[in-house]
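Numbering-wise, the sequence shown is residues -10 to 55 according to my numbering.
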Amino acid sequence: MQCFDCSEFPCDKVKPFEGIIEEADEYRNLGREKWLQQQVEKAAQGFESHTGMYYQVRKSGTVSEL
């Protein structure tokens, strides 16, 4: 079960996270499977949900912002 599915959402535990309400709306609009697939695709492209940014790992092993 996702936080987004909880009857108590948004609770005090998640309210401080910026964008959580919008993300929950997107989750509900897309449905669980489509939303999860979208998250997998974004992660494969270097997306980091905590920063909301895309990153790329260079051959040297260092991480750079796109």
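We treat Cβ as the ideally placed atom computed from N, Cα and C, and that holds for glycine.
Tell me which residues share the same chain as N18 and place their Cβ nearer than 7 Å to its Cβ, disregarding the 5 neighbours each side in the sequence.
Hits under 7 Å: none found.
To the nearest angstrom, report how far apart T40 and E11 are at their CA atoms.
Approximately 15 Å between the Cα atoms of the pair.
I'd like to know if the stretch 13 to 31 and the stretch -7 to 5 are in contact, where contact means that at least 3 CB-CB pairs between them fall below 8 Å.
Yes: the two stretches touch, three or more of their Cβ pairs being nearer than 8 Å.
Using the rule of at least 16 other Cβ atoms within 10 Å of the residue's Cβ for burial, across every protein chain shown, is A33 buried or exposed?
By the neighbour-count rule (16 or more Cβ atoms within 10 Å), A33 is not buried but exposed.
Can you pull the DSSP bridge partners for F36?
DSSP output for F36 lists Y43 as bridge partner(s).
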